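Worksheet: the structure to be examined is printed underneath.
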Amino acid sequence: MNNDKYNFDDITPLPVSDEAPETKDVVLCKIMYTVEFETVFSYLRALMAKDELSERAMYVACCAISIVPAHYTVWEYKYRIVEKLVCECKYDVDEELKWCADLALNNEKNYQIWNYRERVIELKIKHGLGGDKLQYDLDGEYEVVRQMLDSDEKNYHVWSHKRWIVSYFDLFRSDRELAYTQELIDRDVRNNSAWNFRHLVVFGDESPLENGRLTSEVEFAKQYIASSITNPSSWNYLKFLYSFCTKAQALGEPEACACVALIRTLASEYSCNENLDDDFSKVLEEQRLSVPAFELLGDIYRDEGKMEQMRKVYRLLGEELDPVRRNYWAYRTSLCQTG
1 MNNDKYNFDD ITPLPVSDEA PETKDVVLCK IMYTVEFETV FSYLRALMAK DELSERAMYV
61 ACCAISIVPA HYTVWEYKYR IVEKLVCECK YDVDEELKWC ADLALNNEKN YQIWNYRERV
121 IELKIKHGLG GDKLQYDLDG EYEVVRQMLD SDEKNYHVWS HKRWIVSYFD LFRSDRELAY
181 TQELIDRDVR NNSAWNFRHL VVFGDESPLE NGRLTSEVEF AKQYIASSIT NPSSWNYLKF
241 LYSFCTKAQA LGEPEACACV ALIRTLASEY SCNENLDDDF SKVLEEQRLS VPAFELLGDI
301 YRDEGKMEQM RKVYRLLGEE LDPVRRNYWA YRTSLCQTG
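Each residue of the sequence shown is one higher than the one before, counting from 1 in the numbering used here.
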């Protein structure tokens, strides 16, 4: 392990493949470690045993992570090293963030990286920015996330990190975050991750919305429904908006009342235009039918107390439009038989 920068002559490696004499001859399947793995992890074990938090220990931890990026114990050990060195002003935390970003770009599916990065960000704010989150430059963070999502727009671990950014830095209803979700939805209207993230940005902190926000979100969903009327992602967002608006409507909020009416019109437009005759062929002759629109219309009829119309919608879904879920729609119908 010795190199031009670090010397390990005082360290006695702890082998990773120790075998007790009494079991040596009965091992069923011996793990064939590489020489590199054996060397790095034997020194790592020795350093961890003495709880050494030094630059050379960080070097060994980095080597271990490069071999096994998902090794949680090594990540925890490395963080304790970085924390100590940063607090002693022996290491620039920005260097650690750069190292972490480079590693993340080469290990797209590794979730330990993101939890670790969040802890390092908190460390920088605490010890480098006097605890003031507003002083943290998020441009670098946005760039890392953008590169990751450009590579895989459905990367769950990156989206989880982005949710953490919004929550930690209180970026709810941030224009920058909303613009980014729109950029991703413009690129792929079926990107359910982007729709879910928009929901977090707008409604995640449960604080009162500014005037006009509900209307703008309904119009936003309406715009993308028009471009792909069968896309469940945009309809699911509209369904949430409908649920939110009905609760606000019950409290007498005028904007919510207007939004409920707008959503009702939209659901009717892409379903049956109130034509629920038992002759389903009339409905099927329509050119712009959307199963999610019928589902939403059923919810609207339920909330309006129009149980017979709701049953007709469910029958239409189960028998003609969505027969794959026939049993589900039969169950939904059975729940309102006494309605």
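For every residue, glycine included, the Cβ atom is placed at its ideal position computed from N, Cα and C.
Bear in mind that the values here come from a model prediction, so they are computed numbers and not experimental data.
Going by CA-CA distance only, name the one from the options that's closest to residue i.
i: residue 255; options: 183, 216, 336; result: 216
i: residue 293; options: 142, 305, 322; result: 322
i: residue 308; options: 333, 152, 290, 149; result: 333
i: residue 268; options: 134, 310, 320; result: 310
i: residue 10; options: 162, 56, 301; result: 56
i: residue 136; options: 165, 244, 214; result: 165
i: residue 291; options: 300, 270, 302; result: 270
i: residue 238; options: 156, 289, 257, 262; result: 262
i: residue 167; options: 98, 192, 229, 202; result: 202
i: residue 122; options: 65, 226, 86; result: 86
i: residue 105; options: 30, 336, 147; result: 147
i: residue 241; options: 34, 251, 221; result: 221
i: residue 13; options: 6, 4, 46; result: 46
Which term fits residue i, buried or exposed, when burial requires 16 or more other beta carbons within 10 angstroms of its beta carbon?
i: residue 326; result: exposed
i: residue 340; result: No answer is possible for residue 340: the residues shown for the chain start at 1 and end at 339.
i: residue 272; result: buried
i: residue 70; result: exposed
i: residue 88; result: exposed
i: residue 49; result: exposed
i: residue 2; result: exposed
i: residue 130; result: exposed
i: residue 151; result: exposed
i: residue 259; result: buried
i: residue 20; result: Unreliable positioning characterises residue 20 in this predicted model, as indicated by a pLDDT of 47, which lies under 50. The coordinate reading is nonetheless provided below. Exposed, by the Cβ-count rule.
i: residue 78; result: buried
i: residue 23; result: A caution first: residue 23 carries a pLDDT of 45, below 50, which makes its placement in the model unreliable, though a value can still be read off. Residue 23 comes out exposed.
i: residue 134; result: exposed
i: residue 312; result: buried
i: residue 93; result: buried
i: residue 120; result: buried
i: residue 113; result: buried
Determine the direct distance from the alpha carbon of residue j to that of residue i, and round the result to whole angstroms.
i: residue 125; j: residue 180; result: 25 Å
i: residue 115; j: residue 171; result: 19 Å
i: residue 184; j: residue 44; result: 42 Å
i: residue 138; j: residue 176; result: 11 Å
i: residue 223; j: residue 41; result: 55 Å
i: residue 214; j: residue 246; result: 12 Å
i: residue 118; j: residue 161; result: 8 Å
i: residue 236; j: residue 61; result: 45 Å
i: residue 38; j: residue 74; result: 15 Å
i: residue 82; j: residue 157; result: 23 Å
i: residue 84; j: residue 96; result: 13 Å
i: residue 169; j: residue 145; result: 15 Å
i: residue 302; j: residue 295; result: 11 Å
i: residue 34; j: residue 68; result: 12 Å
i: residue 32; j: residue 15; result: 13 Å
i: residue 103; j: residue 63; result: 12 Å
i: residue 100; j: residue 65; result: 11 Å
i: residue 231; j: residue 218; result: 16 Å
i: residue 340; j: residue 190; result: There is no way to answer for residue 340, as the model of the chain reaches only from 1 to 339.
i: residue 318; j: residue 199; result: 30 Å
i: residue 369; j: residue 90; result: Because the chain here runs from 1 to 339, residue 369 falls outside it and cannot be looked at.
Would you give the residue range spanned by the alpha helix (DSSP H) that residue i belongs to?
i: residue 300; result: 291-304
i: residue 259; result: 254-269
i: residue 142; result: 139-151
i: residue 328; result: 326-335
i: residue 11; result: Counting along the chain, residue 11 falls outside any alpha helix (DSSP H), and DSSP gives it neither H nor E.
Could you give the uninterrupted runs of the alpha helix (DSSP H) lying entirely in the stretch 40-97, keeping only those of 4 residues or more? 55-67, 72-87
Which runs of the alpha helix (DSSP H), 4 residues or longer, sit entirely within the stretch 154-198? 156-168, 175-187
At which residue ranges does the stretch 203-236 contain complete beta strand (DSSP E) runs of 3 or more residues, listed in the order of the chain? none
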